[in-house]
Amino acid sequence: MIKAGVLKDLDVFRAFSDVQLEGLSKIIKKRTFEKGALVYKRSYRADRIYLVTKGLVGLDKLEPGEKIGISVEHREKGELFGTACFMKPQEYTLTAVCQKDTEVVAIDADKLGELCKDDPDLGYKFMKEVAQIYFERYKAAKRQIHEMVRTPTVITALSG
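Per numbering that gives the first Met the number 0, the very first residue in the sequence shown carries number 0; after that it's consecutive.
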């Protein structure tokens, strides 16, 4: 468990009331990881959502059996990751690897779901944070597509 006052200092939780923070504090645990440690693997059940409080986490596309993957995104202090817990089939879509010694707060996704049902205002505030993450991913994907279209790769076939 983490103290509600500590949560209030994190940007993600600034809009939450003291009562909401008290409820959240009961379902949150602080965890530490060394550089190179896995927080979770792709396809594992998404049972936690995480918030970086110190360090850096890479979200990598790592196929089964591979030791090196493609780094898709990074999360640093104040940023959420592991939000796949809100969408079916509730499996992580990327592998989370600590790029530095890292501290996170881990939020129990099932208990968070219960809190959101019991307190729709809390759920709304939390979903706004999650929606922002997916909107940023959408904008990044749009930029990448724009770059590919703007500077297309030309492949020429030789006759003969």
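The C-beta atom is built at its ideal place from N, Cα and C for all residues, glycine as well.
Three-state secondary structure assigned by DSSP to residue i
{"i": "residue 70", "result": "strand"}
{"i": "residue 43", "result": "coil"}
{"i": "residue 80", "result": "strand"}
{"i": "residue 22", "result": "helix"}
{"i": "residue 33", "result": "coil"}
{"i": "residue 146", "result": "helix"}
{"i": "residue 49", "result": "strand"}
8 Å Cβ cutoff met for residue i and residue j
{"i": "residue 81", "j": "residue 47", "result": "yes"}
{"i": "residue 77", "j": "residue 10", "result": "yes"}
{"i": "residue 90", "j": "residue 42", "result": "yes"}
{"i": "residue 106", "j": "residue 26", "result": "yes"}
{"i": "residue 54", "j": "residue 70", "result": "no"}
Per-residue burial, residue i [other beta carbons within 10 Å of its own, 16 or more giving buried]
{"i": "residue 37", "result": "exposed"}
{"i": "residue 59", "result": "buried"}
Nearest neighbour of residue i, chosen from the options [CA to CA]
{"i": "residue 97", "options": "144, 142, 32, 119", "result": "32"}
{"i": "residue 34", "options": "90, 71, 147, 95", "result": "95"}
{"i": "residue 52", "options": "12, 19, 143", "result": "12"}
{"i": "residue 18", "options": "105, 117, 58, 39", "result": "117"}
{"i": "residue 83", "options": "138, 147, 145, 130", "result": "130"}
{"i": "residue 39", "options": "93, 66, 114, 3", "result": "93"}
Inter-residue CB distance, residue i and residue j (contact presumed, cutoff 8 Å)
{"i": "residue 128", "j": "residue 29", "result": "About 19 Å separates the two Cβ atoms, so there is no contact after all."}
{"i": "residue 15", "j": "residue 111", "result": "Not quite, the Cβ-Cβ distance comes to about 12 Å (not below 8 Å), so this is no contact."}
{"i": "residue 79", "j": "residue 68", "result": "That belief does not hold up - the Cβ atoms of residue 79 and residue 68 are roughly 21 Å apart, past 8 Å."}
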